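*Asks:*
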Amino acid sequence: MQGFLFALIAVGAFNTVIATLLTLVGYGGGFGENLVFSQCIGLTILLLIHVGWRALWQGAKPPTGPFIALIATAVVGGWLGGSFLASLLLGMAWTAGRNAWVALAVTVAAGVAGTWFFWSRHRAAEMERQRIEAQLKMLQAQIEPHFLFNTLANVDALIQTDPKRARAMLGHFNDYLRATLAATRRESNTLADEFALLRGYLEVQRMRMGERLRFSLELPEQLAQADLPPMLLQPIVENALKHGIEPKVEGGEVRVSAREAGDRLFLEVADTGLGSANGATGGTGVGLANVRERLAVAFPGAQFEAGPNPAGGYTVRLSIPR
Amino acid sequence: MKAIIADDEPLLALSLRTALAEAWPELDVAAVVPNGIEAVQAAERLRPEVAFLDIQMPGMTGLEAAEEIVERMGEAAPAIVFVTAYDEFALKAFDLAAVDYVLKPVAPARLAQTVARLKGRRTEPDLAAQLRLLLAVPRAEQTLAHVRAGTGNTVRMIPLEEVCYFQSSDKYTSVVTPDAEVLLRMPLKELIGQLPAGRFQQIHRGTVVNLAEVAAAVRDETGRVVLRLRRRKEALPVSRVYSDLFKAM
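As you go down the protein sequences, you meet chains B and X in turn. Just so you know, the first sequence maps onto residues 1 to 322 in our numbering. Just so you know, the second sequence maps onto residues 1001 to 1249 in our numbering.
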């Protein structure tokens, strides 16, 4: 209802602008007459669209093609019905003379402009929703309970046998938590921050998995301060471990690297694991889809590639314009 | 008493071993292995009385390893205690199946209970029945009426009544009817949940049979069961976990 009220006010204001412009170019019989006509036509169109939308889709998100057809029908209907209503109100004869065709042209132009206005508003709202959703997912991803409990179980095991390593593990875990918390509070992070977070995460995992996990992180000095949405690489690395290396009996290696070529920044997470994003362990691929979405929002023109390596393992490559 | 421990995380395996040494000094931990496949081998080779199996392991999960151990060792299979760090679903399943489990990190009091239970056990629990419950796939809301199998540009609709059995082959499932065999692009595990309960029964890790097509169950002298079908010549082997389901009434 609130949306309809906003639309009513916006369309009313828009109609007034049209009436003013038409009067300024000397069209019709003065501002009063133009205003009645433009309000009648404009509001009829709005009403037809609203009623049609309620009737056909019960107010849910309509499919694009049929919705455009509905708008076109409403525009023609509004032009006919609205001008008839205005003639009635003003006590004028309703004639489809030369003026009526000009009125149709104006109505169609106004309809296109109105559609564009509401569509871009809707798009902006949709993007905002996606941004918030992505942030929520990111928050959830960090508090992965399995990781938390496993880490604590390992620290517990080490306290008795090797207190020094227990402290080292807690240290890495601390680094990871600190970096993650900092990342959630920021819109943008540097590559150096992201790599610090990954190091904490991978060090903890290496203590858990022992010799089955090897890793390397390569960040050239000149790229350390490059911007990156926080926690963009972490889910990719987590994916590599979960679906690539953990299910593989002999384990494997994860390589995370950043490099610059031309005017693009390339980020790569390559593993020597089972070589499937989710097939073997039945994941849903939500993690990677989420990364792809966040990348597209943060950097229009960025590219995302993912697939198995010919020699085994899996690689995810991000290419970001600088 | 002899025991084996299987866990892919070396520190946790060590921790369990240390805790067991305190809670049960007479227990001889004969092997600590890092995955399910080696757990099965160790069980066969060492014939322990108890096996502590981590659930999440590479190669073969603890559940699959338990199934394989029962399959290969039958009555001689060790008592199994599952070990897990965190998995709400699994805990619920363990309780339902009355399976013994310990949580990581191992709490001494909880481990003492398990040890007492293992020591004082007079009658062996029905491990096969427990595993059947644990391995049961959750049912989907909707069940299928027929399967759709694509060959070239034709999609064949096969009513479930026509299916004698399903056989898994890697990521695919082959559908066996009285006169044909067609491949489905769906793993058996996924398909099972969508079959109407009561009409289809898993009888092996890779086989689900249409119960209406079963003509007889034949038990050989080693206790192994095979099923004869009404409209197919081949006989289907039943794994030990499921063989109780075909006892005479």
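Just so you know, even glycine gets a beta-carbon here, dropped at the ideal spot from N, CA and C. Owing to the predicted nature of the structure, the values given are computational and were not obtained by experimental measurement.
Rounded to a whole number of angstroms, what is the C-alpha to C-alpha distance between residue 278 of chain B and residue 1120 of chain X?
*Replies:* Annotation note: pLDDT 46 at residue 278 of chain B (below 50); position unreliable, coordinate value reported separately. Approximately 44 Å, taken between the alpha carbons.
*Asks:* Between the C-alpha atoms of residue 1229 of chain X and residue 1165 of chain X, what's the straight-line distance to the nearest angstrom?
*Replies:* Roughly 9 Å separates the two Cα atoms.
*Asks:* Hey, how far is the Cα of residue 1028 of chain X from the Cα of residue 1067 of chain X?
*Replies:* Cα to Cα, the separation comes out at about 24 Å.
*Asks:* Would you kindly report the start and end of the unbroken beta strand (DSSP E) that includes residue 201 of chain B?
*Replies:* No beta strand (DSSP E) holds residue 201 of chain B; the alpha helix (DSSP H) holding it covers 191–209.
*Asks:* Below 9 Å between beta carbons is the criterion; list the residues of the stretch 192–221 of chain B that meet it against any residue of chain X, in chain order.
*Replies:* Within the stretch 192–221 of chain B, the qualifying residues are 207, 208, 209, 210, 211, 212.
*Asks:* Quick one: grab the DSSP three-state call for residue 1011 of chain X.
*Replies:* In the structure shown, residue 1011 of chain X sits in a helix (DSSP, three-state: H, G or I).
*Asks:* What are the boundary residues of the alpha helix (DSSP H) that residue 50 of chain B is part of?
*Replies:* Looking at the DSSP string, the run of the alpha helix (DSSP H) that includes residue 50 of chain B is 31–57.
*Asks:* Please list the residues of the stretch 1076–1106 of chain X that have a C-beta atom closer than 8 Å to any C-beta atom in chain B, keeping them in chain order.
*Replies:* The residues in question are 1085, 1086, 1087, 1104, 1105.
*Asks:* Distance check for residue 108 of chain B and residue 73 of chain B, CA to CA, integer angstroms please.
*Replies:* Spanning the two alpha carbons is a distance of roughly 11 Å.
*Asks:* Determine whether the Cβ of residue 1068 of chain X lies closer than 8 Å to any Cβ atom of chain B.
*Replies:* No, residue 1068 of chain X does not count as interfacial toward chain B.
*Asks:* Would DSSP call residue 235 of chain B helix, strand or coil?
*Replies:* Three-state DSSP puts residue 235 of chain B in a helix.
*Asks:* Looking only at its own chain, which residues have a Cβ that is under 8 Å from the Cβ of residue 1117 of chain X, when we skip the five neighbours before and after it?
*Replies:* 1100, listed in sequence order.
*Asks:* Chain B beta carbons: is any one of them nearer than 8 Å to that of residue 1014 of chain X?
*Replies:* Chain B, which has a Cβ nearer than 8 Å to the Cβ of residue 1014 of chain X, makes this yes.
*Asks:* Would you say residue 253 of chain B faces chain X, with C-beta separation under 8 Å as the test?
*Replies:* By this cut-off, residue 253 of chain B is not an interface position.
*Asks:* Does any residue of chain A bring its CB to less than 8 Å from the CB of residue 238 of chain B?
*Replies:* Absent from the structure: chain A. Protein chains present are B and X.
*Asks:* Would you report the Cα separation of residue 55 of chain B and residue 48 of chain B, rounded to the nearest angstrom?
*Replies:* Roughly 10 Å between the two C-alpha positions.
*Asks:* Taking just the CA atoms, how far does residue 80 of chain B sit from residue 1317 of chain X?
*Replies:* The requested residue 1317 of chain X is not part of the displayed model; chain X covers only 1001 to 1249.
*Asks:* Would you say residue 34 of chain B and residue 42 of chain B are within 8 Å of each other, going by their C-beta atoms?
*Replies:* Against a cut-off of 8 Å, the Cβ pair of residue 42 of chain B and residue 34 of chain B comes out as no contact.
*Asks:* Verify whether the separation of the beta carbon atoms of residue 240 of chain B and residue 271 of chain B is less than 8 Å.
*Replies:* Taking 8 Å as the Cβ cut-off, residue 240 of chain B and residue 271 of chain B qualify as a contacting pair.
*Asks:* Can you find the residues in the same chain that come closer than 7 Å, C-beta to C-beta, to residue 282 of chain B, ignoring five residues on each side of it along the sequence?
*Replies:* Its pLDDT being 44, under 50, residue 282 of chain B is placed unreliably in this model, and the coordinates cannot settle the point.
*Asks:* Residue 1018 of chain X versus chain B: which residues are under 9 Å apart at the beta carbon?
*Replies:* Result: 157, 160, 161.
*Asks:* Taking CB distances under 8 Å as the criterion, tell me whether residue 314 of chain B reaches chain X.
*Replies:* Taking Cβ atoms only, chain X never reaches closer than 8 Å to residue 314 of chain B, which makes this a no.
*Asks:* With a threshold of 8 Å, are at least 3 pairs of Cβ atoms found where one atom belongs to the stretch 193–206 of chain B and the other to the stretch 1033–1049 of chain X?
*Replies:* Not touching, per the Cβ criterion.
*Asks:* Where are the alpha helix (DSSP H) runs, 4 residues long or more, that stay fully inside the stretch 63–141 of chain B, in chain order?
*Replies:* Entirely contained in the stretch 63–141 of chain B, the alpha helix (DSSP H) runs reaching 4 residues are, in chain order, 64–90.
*Asks:* Under 7 Å Cβ-Cβ, which residues of chain B neighbour residue 1059 of chain X?
*Replies:* Neighbours of residue 1059 of chain X on chain B, chain order: 249.
*Asks:* Give the secondary structure of residue 1115 of chain X by DSSP, where H, G and I count as helix, E and B as strand, and everything else as coil.
*Replies:* The answer is helix: DSSP assigns residue 1115 of chain X an H, G or I state.
*Asks:* Within the chosen definition, does the stretch 1128–1135 of chain X reach the stretch 181–191 of chain B through at least 3 CB pairs nearer than 8 Å?
*Replies:* The answer is no - the stretch 181–191 of chain B does not touch the stretch 1128–1135 of chain X, with fewer than three Cβ pairs under 8 Å.
*Asks:* Go to residue 1068 of chain X, then tell me how far its alpha helix (DSSP H) extends in each direction, as first and last residue.
*Replies:* 1062–1073 is the span of the alpha helix (DSSP H), which, as asked, contains residue 1068 of chain X.
*Asks:* How many Å lie between residue 83 of chain B and residue 89 of chain B at the Cα?
*Replies:* Computed Cα separation, rounded: 10 Å.
*Asks:* Looking only at C-alpha atoms, which of X:1241, X:1227, X:1102, X:1004 sits nearest to residue 1126 of chain X?
*Replies:* Of the listed residues, the one whose Cα sits closest to residue 1126 of chain X is X:1241.
*Asks:* Using a cut-off of 7 Å between C-beta atoms, extract the partners of residue 149 of chain B located in chain X.
*Replies:* Going along chain X in sequence order, the residues near residue 149 of chain B (Cβ under 7 Å) are 1085, 1086.
*Asks:* Alpha carbon to alpha carbon, how far is residue 1025 of chain X from residue 1108 of chain X?
*Replies:* So the two alpha carbons sit approximately 13 Å from each other.
*Asks:* Could you tell me whether the stretch 296–312 of chain B touches the stretch 126–134 of chain B, where touching means 3 or more Cβ pairs closer than 8 Å?
*Replies:* Yes: the two stretches touch, three or more of their Cβ pairs being nearer than 8 Å.
*Asks:* Using CA atoms only, rank isn't needed, just tell me which of B:85, B:316, B:267, B:116 is closest to residue 38 of chain B.
*Replies:* For the residues B:85, B:316, B:267, B:116, the minimum Cα distance to residue 38 of chain B belongs to B:85.
*Asks:* Give me the subset of the stretch 1122–1153 of chain X whose CB atoms are less than 7 Å from a CB atom of chain B, sorted by chain position.
*Replies:* Residues passing the 7 Å Cβ filter: none.
*Asks:* Under the three-state reduction of DSSP, which class applies to residue 1152 of chain X: helix, strand or coil?
*Replies:* DSSP places residue 1152 of chain X in coil when its eight states are reduced to three.
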